[in-house]
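Notes for the one structure printed next.
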Amino acid sequence: MGTGFSKRKKQAKLLQQQLSQMQNQMKETEVTGTAGNGLVTITLSGDNSMKDIKIKPECVDPEDVEGLQDLIKAAYEDALSKMQQDTPSLPPGFPDLKSFGLNF
439 MGTGFSKRKK QAKLLQQQLS QMQNQMKETE VTGTAGNGLV TITLSGDNSM KDIKIKPECV
499 DPEDVEGLQD LIKAAYEDAL SKMQQDTPSL PPGFPDLKSF GLNF
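Using my numbering, you'd call the opening residue of the sequence shown number 439 and step up by one each time.
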């Protein structure tokens, strides 16, 4: 199994460490999305779970529940879009995942 196997084993260990660091970094990430000029604000954590939602009283109209639903959805989508933009890409010099049989 010579040096080729040994080299891949080292690369796999490095890959595992770097992925673990990236996952930990993402857990700490929070983004906030807004809609309706700040009437609805949603904060997401790095795993895309909702941490907080704020709805200003002036946008709560019992006659227009659908409008509030649209604002909540838009704020969530705004936060999700920001999270995707903030997601770190693989660092330079990162081993090619396909060489490990991983197709991302």
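Virtual Cβ for every residue (Gly too), placed ideally from N, Cα, C.
Three or more beta-carbon pairs drawn from the region 473-488 and the region 514-522 are found closer than 8 Å, and the two stretches are therefore classed as touching.
Of the residues Asn486, Asp508 and Glu504, the one whose Cα lies closest to the Cα of Thr467 is Asn486. As DSSP reads the structure, Lys445 sits in no beta bridge. Between Ile491 and the set Asp499, Glu504 and Ala512, the nearest pair of CA atoms involves Ala512. Excluding sequence positions up to five before and after Asp524, its CB lies within less than 7 Å of the CB of Thr467 and Val469, all in the same chain and listed in chain order. Taking 8 Å as the upper bound for CB-CB distance, Val498 and Leu506 are in contact here, some 6 Å apart. The alpha-carbon of Met464 is positioned some 32 Å away from that of Pro495. Judged by DSSP secondary structure, Val469 falls within the beta strand (DSSP E) whose first and last residues are Glu468 to Ala473.
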